[in-house]
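Residue numbers (the working numbering): 653 to 1367.
Beta carbons are placed, not taken as given, at the ideal position from N, Cα and C, and that holds for glycine.
Written below as structure tokens is the structure these notes are about.
Written as structure tokens, this is what we have:
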């Protein structure tokens, strides 16, 4: 039971990054509060120090310790200004509302400057908010600054002494999480095969693959903190190969389930999958043991002895052997065994951020100011004493959103979390009434929960924050159900004000952002195709792995952009279908690019006469789609492949695989063109199936199960 719970924890938080962040916040609060109580400070001052420790733990995320130290020093400066302004403003209303609204612009705009901008903007905003919540006075400013220094000092002590980041341990923990998720994929494949391909097991298999993909991306982000850039690039290549092998395993499992299998064949395949699972479930540090076991040898030998006359299940047997080999190769790189690898190119220098520019950040900051002004007016009508809750909601819904639809979804989530949190906060406050110790313990639990779920669920985060605030009211002696009701009403006003500002003030529709993200993905794809052609023909030795990952991250951005279309809050089924179709088609394109990148070698297709025509058709189709997505008016058709070319030019299995993946990439582009009303040079029919969840089949092809065409007019 304990081992299973730990595995699930590692899978949900690879590297235990968020556990450490949450623990740092709780420990920092304890140190700051203890120090201020020992100094004889009142509860209000103690809470300011605790809030400073908590917010610095949440927001200061610079990659290097030295950068974190600088941000903490700057955090004291901006925090002192925020506390002073809030205390002065409360003595001279409506100055507090004006300053608060202006502070929203600064905090949202500062996000353009990366982790430090996000940290400083958030610290300033939330310290201003909590100063208003605690109703601080001008005469308290000196002692409030002392509390701020103690809070930031407590976080500094925790961050650099008690719970310092240890990248080596994080990488090992991420590797363990990777094995947990890899094992989950194999278990899901076993369940899918054993059930004969049920809908439930297919959903579990798809979810396990998605979680593995998230873990692979986190490994890439963590690698350069532990090993040098050259080795990190090698690890990325091997991690991609494992991910591709996993995707191929899931595809072949589905195909095998669709075949008619004898009971003996099915039992044999299940036994082989369980054998693979025993290898995967081992500790990653047991690499020599894994590669020398009989199970590993059997998987490789049996996977390579497939004859020219394949038997039922042979495709799945080969997929298992490829996964076992890819896994061991990746583990070798993680253990710093680079003997059989080539040196990747040096990483590029990051681009400098412009201080003043008109972009989405500036637009969001302007919208947030207008929304904040509306929230002040609406919040005053609900409660002249607690209008700042509405302004807080405006700030939260604008952080990290890029369109009006995203703002609407985030506002709905925050309202839902607040609604549930009100009941939880009331229940907790009633249960611990009269017990200060129990109240403090529950507050710390809420702090931990807020930090742990912040990146995955706005609803859960709002729940923990609202529950914590109910407990804070109880600690301050001002708790009542009426106060929590006002909290809910203010949240609704803030969410409404934010959505109204996003829709009316310089609005950006979800379609516009979606088209921009699709265009960015297509530009990354074009660069990938051009460079892959240079590598495959032997003209240049380029690193197409990095280019494929750029495409992956472009698709990840699109996933966030398209959420307002696919979210259940969108009641129009046609829009949900359209959003899923575009996303799944681009995911299929990214999958093919990863497949090509992992197998491409210099000069692999140098003598294959089919490559130039295929590359020309691919780049031409990408250019057509880029023109259409960018708003071009010229009507051009996508070039569809002609008759099947001769198959005896690629004389190796790897070359044939790369050529096949290029062909599948071409098919996926034709499918994407259907979403934007682009015709093909021949009668190409690609439709979309009506559903509310993504189809796992999209990783290999786009199913043709619907008669009406997909059009961007559905937006």
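Checklist entry - On the premise that residue 898 lies in contact with residue 1027, defined as a C-beta separation below 8 Å, what is that separation, rounded to the nearest angstrom? => result Contact between residue 1027 and residue 898 is absent: CB atoms are separated by about 46 Å, not below the 8 Å threshold.
Checklist entry - From residue 1345 to residue 887, what distance separates their C-alpha atoms? => result With a pLDDT of 37 at residue 1345, under the threshold of 50, the predicted position of this residue should be treated as unreliable, though the coordinate-derived value follows. When rounded, the separation of the alpha-carbon atoms in residue 1345 and residue 887 is 32 Å.
Checklist entry - Between the stretch 1246-1257 and the stretch 1181-1191, do three or more beta carbon pairs fall short of 8 Å? => result yes
Item to check | Closest by C-alpha distance to residue 918, when choosing among 843, 1306, 1125, 788 | outcome: 843
Item to check | Complete alpha helix (DSSP H) runs within the stretch 743-775 (minimum length 4 residues, chain order) | outcome: 747-761
Checklist entry - Looking at the structure shown, is residue 1290 part of a helix, part of a strand, or coil, going by DSSP? => result strand
Checklist entry - Does the beta-carbon of residue 1088 have 16 or more other beta-carbons within 10 angstroms, so that it is buried, or is it exposed? => result exposed
Item to check | Under 9 Å between C-beta atoms of residue 740 and residue 780 | outcome: no
Next on the checklist: Using CA atoms only, rank isn't needed, just tell me which of 1037, 821, 819, 1085 is closest to residue 1124.
Outcome noted: 1085
Next on the checklist: Across the stretch 697-715 and the stretch 803-812, are there enough close Cβ pairs to call them in contact, namely three or more that are closer than 8 Å?
Outcome noted: yes
Checklist entry - Which one or two residues does DSSP pair with residue 1332 in a beta bridge? => result In the DSSP output, where bridge partners are listed per residue, residue 1332 has 1290.
Checklist entry - Can you list the alpha helix (DSSP H) stretches of 4 or more residues lying completely in the stretch 1131-1188, in chain order? => result 1133-1156, 1162-1188
Checklist entry - Using the C-alpha atoms, what's the distance from residue 1182 back to residue 1200? => result 12 Å
Checklist entry - What residues in its chain sit with their C-beta under 8 Å from that of residue 1068, if we drop five residues either side in the sequence? => result 1111, 1114
Item to check | Inside the stretch 1054-1109 only - alpha helix (DSSP H) runs reaching at least 4 residues | outcome: 1056-1083, 1088-1105
Checklist entry - Does the separation of the CB atoms of residue 1098 and residue 1116 fall below 9 Å? => result Cβ distance < 9 Å, so residue 1098 and residue 1116 count as in contact.
Item to check | Straight-line Cα distance separating residue 1041 from residue 835 | outcome: 45 Å
Next on the checklist: Using the Cβ count rule (16 or more neighbours within 10 Å means buried), how would you classify residue 963?
Outcome noted: exposed
Next on the checklist: Can you look up residue 966 in the DSSP assignment and give me helix, strand or coil?
Outcome noted: DSSP, read as helix, strand or coil, puts residue 966 in helix.
Item to check | Proximity to residue 1044 [Cα-Cα], best of 1023, 1057, 1034 | outcome: 1023
Item to check | Reduced DSSP secondary structure (H/G/I, E/B, other) of residue 1264 | outcome: Helix at residue 1264.
Item to check | Exposed unless 16 or more other CB atoms sit within 10 angstroms - verdict on residue 1318 | outcome: buried
Checklist entry - Which residues in the same chain have their Cβ closer than 6 Å to the Cβ of residue 676, if we skip the five residues on either side of it in sequence? => result 709, 810, 815
Checklist entry - Are the stretch 1149-1160 and the stretch 1263-1280 in contact at 8 Å, needing three or more beta carbon pairs? => result no
Checklist entry - What runs of the alpha helix (DSSP H), each 4 residues or longer, lie entirely inside the stretch 781-822? => result 793-809
Next on the checklist: Using the three-state DSSP reduction, which class does residue 693 fall into: helix, strand or coil?
Outcome noted: Residue 693 falls in the coil class under three-state DSSP.
Next on the checklist: the ligand SAH and residue 799: does the residue's C-beta get closer than 8 Å to at least one heavy atom of that ligand?
Outcome noted: Looking for the ligand SAH in the displayed structure turns up nothing, as the structure carries no ligands at all.
Checklist entry - By the 10 Å Cβ neighbour count, where 16 or more other Cβ atoms means buried, how is residue 725 classified, buried or exposed? => result exposed
Checklist entry - Which term fits residue 820, buried or exposed, when burial requires 16 or more other beta carbons within 10 angstroms of its beta carbon? => result Exposed, by the Cβ-count rule.
Item to check | CB of residue 720 within 9 Å of CB of residue 827, strictly | outcome: no
Next on the checklist: Considering Cα atoms alone, identify which of 981, 1096, 1165, 829 is closest to residue 679.
Outcome noted: Nearest C-alpha to residue 679 among 981, 1096, 1165, 829: 1096.
Item to check | Secondary structure, alpha helix (DSSP H): runs of 4+ residues fully inside the stretch 1211-1270 | outcome: 1225-1251
Checklist entry - Anyone know if the C-beta pair for residue 790 and residue 732 falls short of 9 Å? => result no
Item to check | residue 693 classed as buried or exposed, judged by whether at least 16 other C-beta atoms fall within 10 angstroms | outcome: buried
Checklist entry - If you count every other CB in all the chains shown that lies within 10 Å of the CB of residue 1224, and 16 or more means buried, which is it? => result exposed
Checklist entry - In whole angstroms, what is the alpha-carbon distance linking residue 895 and residue 865? => result 7 Å
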